[in-house]
Structures are given as C-alpha cells and as structure tokens.
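Structure, as structure tokens:
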Amino acid sequence: MRWALLMIGIALLASGLGVFIFQRLEVSDQDRVIRYLPFLAPLRATEIPFSLPTPLATASIDIFSLLTPEAPLPTPTPTPISSALVRVAYQITATPVFFPTPLPNSYRIRGVQWEPQKFNNCGPANLVQAMRFYGWTATQDEVANALKPNQQDKNVSPQELADYVNSRTNGYLSAIVRTGGDLTLVRRLIASEFMVLLETGFYDPDAPQKGWIGHYLTLIGYNDNFGRLYNMDTYKQETSERYEVLDELWSHFNRVYIVVYKTARERELMALLGNHWDVDYNRRYTLDRAREAAAAQPNNPFAWFNLGSSFTALGRYLEAALAFDRAFSLPQGLPYRILWYQFAPFEAYYRSGNYQQVIALADSVIESAKGYVEEAFYYRGIARAALGLWEEGYADISAAVRFNPNFSAAVRAMNSVRSRELP
Numbered sequence: 001m002r003w004a005l006l007m008i009g010i011a012l013l014a015s016g017l018g019v020f021i022f023q024r025l026e027v028s029d030q031d032r033v034i035r036y037l038p039f040l041a042p043l044r045a046t047e048i049p050f051s052l053p054t055p056l057a058t059a060s061i062d063i064f065s066l067l068t069p070e071a072p073l074p075t076p077t078p079t080p081i082s083s084a085l086v087r088v089a090y091q092i093t094a095t096p097v098f099f100p101t102p103l104p105n106s107y108r109i110r111g112v113q114w115e116p117q118k119f120n121n122c123g124p125a126n127l128v129q130a131m132r133f134y135g136w137t138a139t140q141d142e143v144a145n146a147l148k149p150n151q152q153d154k155n156v157s158p159q160e161l162a163d164y165v166n167s168r169t170n171g172y173l174s175a176i177v178r179t180g181g182d183l184t185l186v187r188r189l190i191a192s193e194f195m196v197l198l199e200t201g202f203y204d205p206d207a208p209q210k211g212w213i214g215h216y217l218t219l220i221g222y223n224d225n226f227g228r229l230y231n232m233d234t235y236k237q238e239t240s241e242r243y244e245v246l247d248e249l250w251s252h253f254n255r256v257y258i259v260v261y262k263t264a265r266e267r268e269l270m271a272l273l274g275n276h277w278d279v280d281y282n283r284r285y286t287l288d289r290a291r292e293a294a295a296a297q298p299n300n301p302f303a304w305f306n307l308g309s310s311f312t313a314l315g316r317y318l319e320a321a322l323a324f325d326r327a328f329s330l331p332q333g334l335p336y337r338i339l340w341y342q343f344a345p346f347e348a349y350y351r352s353g354n355y356q357q358v359i360a361l362a363d364s365v366i367e368s369a370k371g372y373v374e375e376a377f378y379y380r381g382i383a384r385a386a387l388g389l390w391e392e393g394y395a396d397i398s399a400a401v402r403f404n405p406n407f408s409a410a411v412r413a414m415n416s417v418r419s420r421e422l423p
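See below:
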C-alpha cells in the first residue's frame with residue numbers, strides 16, 4: 001500500500017497535478033498524506049490567517065516588470081580590511097587561501113558539542129554551539145538574556161546573532177550575515193571548518209499539526225555520495241537532510257547564512273566568499289537570484305517574498321511593496337508565522353507610505369503571536385505616528401521597548417515620537 005501511494009505521489013508530482021491537489025487538502029488530510037509521503041511536507045500550503053487591506057502602494061506598476069534583469073553585476077573594487085572588529089590583540093596574520101577544487105566528496109567537522117535549546121532559544125543555542133567550537137564559553141542563558149530578555153520572544157534575527165559575536169567576544173571571534181547562499185558555498189565553508197548557521201523553514205515530523213516555523217541549523221558536514229547535509233540541531237541533536245529538501249526549506253529565508261569565525265582567519269574567509277564579502281554585491285546578487293526564482297515559479301509566494309526582501313535590502317521600497325503584494329495575494333498563501341521572523345514587509349510598506357498595510361500586518365502578528373513579537377509593536381507604532389496618531393504610536397513603541405529594552409531602534413523611535421518627530 002505504501003509503495004503504491006509513493007509511486008502515485010511521484011507520478012502526480014511529475015505532472016504538477018499532485019502539488020495542486022495536495023495543497024488544497026485540509027490540514028488534517030495533509031498530515032495523513034505526509035505520513036506516507038514525507039517529501040511532500042515542504043509543499044504544505046499555509047496562509048496568512050487574517051485579512052489584509054487591498055494593496056495601495058504600487059497598483060500602477062506592472063508586477064512582472066520587477067523580473068526584468070538589470071546590468072550585470074560589476075566586480076567590487078578590492079579594499080583593505082578596516083573592520084573595527086579586528087582588535088589589537090588579534091591582528092589578522094593569515095594570507096588568502098583558496099580552497100582546492102574539486103571539493104572532497106564528504107567532510108565532517110569534529111568537536112561540535114550539542115547545546116539543547118531552551119524555550120524559544122533556537123537562535124542563542126545555535127550561536128553557543130558555533131562559538132564553543134572555537135573555545136568561546138558563553139552560555140545559552142547569557143546569549144538569550146542579551147538578545148531576548150523576555151523568554152516569550154519568538155525570534156532572534158541573523159543580524160542580531162552576528163552583532164552579539166562582534167560586540168561580545170573581544171575581537172577573538174567575528175560573524176557576518178549574507179543572503180543568496182548555495183550548497184556549493186556552504187560545502188566549501190564546511191570543508192574549511194568555518195561554522196555556518198542557516199535559518200530555514202521547518203516542519204516537525206513528530207508534530208506536523210504545528211505547521212511551519214522558522215529554525216536555525218548549525219552545519220557540521222556533508223556527503224555528496226548520499227546527497228546529505230549534516231547539522232547539529234539544537235532541537236533534535238545531530239540530524240541530516242537531503243540537499244534538495246534542505247535547499248527548499250532554506251529558500252523560505254532567502255537562503256540567509258551566518259558565518260562565525262576566528263577573526264584571525266578573516267582573509268581566508270574573504271577568499272572563500274570572493275565577491276560575496278562585499279555586502280552591496282551580495283545584496284544585488286541575491287536580488288538577481290530572487291528574480292530568477294520568481295520568473296521560474298510565478299505562483300510561489302516564497303519566491304515573491306524573497307524578491308520583496310531583496311528589494312528592501314537595497315532600499316527599493318516601492319518595488320519591494322509590489323513584490324510583497326504579490327506574495328500575500330497568491331492562492332497558496334504564506335505561513336502566518338513568517339512575520340514572526342522576517343520584517344522586510346513592514347519596512348517596505350512603511351517606507352513606501354502604505355501605513356495602513358503596516359498596521360494590518362502588525363495586527364495579524366500581534367494576534368497570532370499573542371503579543372510576543374516586539375517588532376510588530378514597533379512598526380505599528382511608527383505607522384500610527386506617521387498617520388498623526390502620536391499617542392497610540394508612542395504607546396505601541398513603548399510596549400516594544402518594555403518587551404525588549406535592548407531594541408535600540410525602538411528606543412530611538414520612542415524618543416522621536418515623544419517629541420512629535422518621525423523616526
């Protein structure tokens with residue numbers, strides 16, 4: 001019976017009809033199918049649970065014009081390292097090292113110790129694993145208390161994790177965040193024994209009824225013969241996943257990756273990353289990849305969401321808002337929890353003047369997360385202030401600061417709005 005279902009599932013997938021049917025099943029029925037055909041889990045259809053206003057920001061722009069390629073990316077001009085992260089005690093001494101090609105068929109980083117995550121501590125626990133590999137002994141509680149003082153906080157962003165490393169390790173360790181990664185790059189980093197953290201979508205096979213959540217993974221190895229990446233999962237200890245499955249789940253976060261490394265190896269990391277060491281190049285490259293994905297899969301809401309995030313990172317807010325309009329309007333829908341982790345839609349709609357959309361998105365997050373996403377209060381607050389609702393805006397921003405006193409953007413905004421100035 002199971003083999004028959006498997007063959008039917010594969011045949012339907014090949015035709016495209018299977019995905020259409022599967023995504024329109026009730027959640028309970030999807031769960032039953034996934035028990036026999038687990039490879040369908042990443043294709044589960046979810047949706048934003050609350051109605052949003054009709055998009056206003058970009059109605060006059062042809063949406064598919066966003067997919068038109070631009071001029072080829074120029075090669076960045078090499079510049080000397082001037083990072084403030086390089087302290088006197090840990091000057092860079094390594095010379096650039098280019099990893100030999102081809103890569104080994106498999107590689108495993110030894111000595112990564114499992115850090116079981118506490119409640120809502122996925123990010124801090126993964127960061128502890130990476131730092132501990134290099135001999136840095138911060139505890140999970142120390143990292144969590146600095147980044148998410150409220151235990152109920154749903155998420156710590158990749159940039160917040162990197163900022164912790166860059167400000168709390170006395171220059172011994174550094175961290176960078178990039179997007180638009182690929183499996184070849186992460187395998188190169190693994191084979192050079194750099195600690196790489198990915199933020200991905202996740203469906204718990206032991207509790208499929210919980211639906212989609214965001215999740216960090218610490219990569220510890222790969223095997224091309226089996227087509228699998230190995231990771232130290234703070235939730236389930238050491239696990240592995242097929243290349244194609246992990247890549248699909250990783251795409252839910254625009255293939256963002258964090259590299260934690262000894263500052264003394266920065267030149268080696270620069271050589272491995274090549275042009276992607278340059279932040280602007282990396283952002284424009286990610287935009288090109290997002291365009292390609294949306295053109296290839298015009299009905300994939302994650303592809304359009306990534307396109308919006310990529311435009312936002314480059315400060316192109318009107319184009320970003322249009323891409324997000326498309327992402328939110330597609331029939332498959334997006335997981336409602338996506339806005340617990342990614343806030344580019346708020347920024348794009350706010351900067352393009354669609355304050356009502358910001359408020360609607362924030363309302364949906366505050367309801368679904370029971371108030372435990374401080375960024376939703378922050379963005380609703382500045383949107384209300386922009387509409388002249390100064391008192392309501394100040395109250396929202398103050399709530400964000402109470403929830404996380406280390407939320408520096410909210411602290412600055414609170415002071416501005418108190419003076420009747422927009423942040």
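Numbering-wise, full-length UniProt numbering puts 226 at position 226 of the sequence shown, and it's gapless, one number per residue.
Even for Gly, the Cβ is constructed at its ideal location relative to N, Cα and C.
Since the model is a prediction, treat every value here as computed from it, not as a measurement.
With 16 other Cβ atoms within 10 Å as the buried cut-off, status of residue i
| i | result |
| --- | --- |
| asparagine 121 | buried |
| threonine 169 | buried |
| threonine 200 | buried |
| leucine 422 | exposed |
| residue 428 | Any property of residue 428 remains undetermined from this structure, which presents the chain solely from 1 to 423. |
| arginine 384 | buried |
| lysine 262 | buried |
| asparagine 404 | buried |
| asparagine 231 | buried |
| glutamine 297 | exposed |
| glutamate 115 | buried |
| asparagine 282 | buried |
| glutamine 237 | exposed |
| proline 80 | Because the pLDDT of proline 80 is 45, which lies under 50, any placement of that residue in the model is unreliable, and the question is left without a value. |
For residue i, the three-state DSSP class (helix, strand or coil)
| i | result |
| --- | --- |
| serine 106 | strand |
| asparagine 120 | coil |
| tryptophan 390 | helix |
| serine 364 | helix |
| glutamine 113 | coil |
| tyrosine 235 | coil |
| glycine 214 | strand |
| arginine 242 | strand |
| valine 259 | strand |
| arginine 412 | helix |
| valine 177 | strand |
| threonine 137 | coil |
| asparagine 126 | helix |
Nearest candidate by alpha-carbon position, reference residue i, set the options
| i | options | result |
| --- | --- | --- |
| glutamine 113 | Ser364, Ser310, Leu219, Arg188 | Leu219 |
| leucine 147 | Thr139, Tyr164, Glu70 | Tyr164 |
| tyrosine 134 | Glu115, Phe194, Leu273 | Phe194 |
| lysine 154 | Glu392, Pro423, Arg289, Glu374 | Glu374 |
| valine 256 | Ser309, Val177, Ala344 | Val177 |
| isoleucine 190 | Leu269, Ser368, Ala313, Arg384 | Leu269 |
| glutamate 70 | Glu347, Ala321, Arg289 | Arg289 |
| tryptophan 250 | Thr234, Ala303, Pro205, Arg384 | Ala303 |
| serine 352 | Ile338, Pro331, Trp340, Asp325 | Asp325 |
| glutamate 319 | Ser398, Ala348, Ile338, Trp212 | Ala348 |
| alanine 376 | Gln342, Asn166, Gly227 | Gln342 |
| alanine 413 | Arg402, Tyr378, Glu392, Glu142 | Tyr378 |
| glycine 221 | Ile213, Leu183, Gly214 | Leu183 |
| serine 167 | Gly180, Asn150, Val143 | Val143 |
| threonine 382 | Val417, Trp340, Gln159 | The sequence shown places isoleucine at residue 382, not threonine. Among Val417, Trp340, Gln159, the Cα nearest to that of isoleucine 382 is on Val417. |
Between the CA atoms of residue j and residue i - distance to the nearest angstrom
| i | j | result |
| --- | --- | --- |
| glutamate 292 | threonine 286 | 10 Å |
| glutamate 241 | leucine 229 | 6 Å |
| glutamine 129 | aspartate 396 | 35 Å |
| glutamine 152 | alanine 386 | 29 Å |
| alanine 175 | tyrosine 216 | 15 Å |
| asparagine 105 | asparagine 223 | 6 Å |
| glycine 333 | arginine 267 | 43 Å |
| alanine 210 | arginine 420 | The displayed chain sequence assigns lysine, not alanine, to residue 210. Their backbone Cα atoms lie some 42 Å apart in a straight line. |
| arginine 187 | phenylalanine 202 | 21 Å |
| aspartate 62 | threonine 68 | 11 Å |
| leucine 198 | leucine 322 | 27 Å |
| glycine 308 | glutamine 357 | 15 Å |
| threonine 137 | tryptophan 390 | 45 Å |
| phenylalanine 253 | phenylalanine 305 | 9 Å |
| alanine 327 | alanine 294 | 10 Å |
| serine 65 | alanine 207 | 41 Å |
| serine 398 | threonine 312 | 25 Å |
| asparagine 299 | alanine 271 | 37 Å |
| glutamate 244 | proline 301 | 19 Å |
| tyrosine 350 | tyrosine 107 | 45 Å |
| alanine 264 | tryptophan 277 | 16 Å |
| tyrosine 355 | leucine 361 | 10 Å |
| glycine 393 | valine 401 | 13 Å |
| proline 158 | glycine 123 | 8 Å |
For residue i: DSSP bridge partner residues
| i | result |
| --- | --- |
| glycine 201 | Gly214 |
| glycine 221 | Arg108, Tyr230 |
| valine 196 | Leu219, Val259 |
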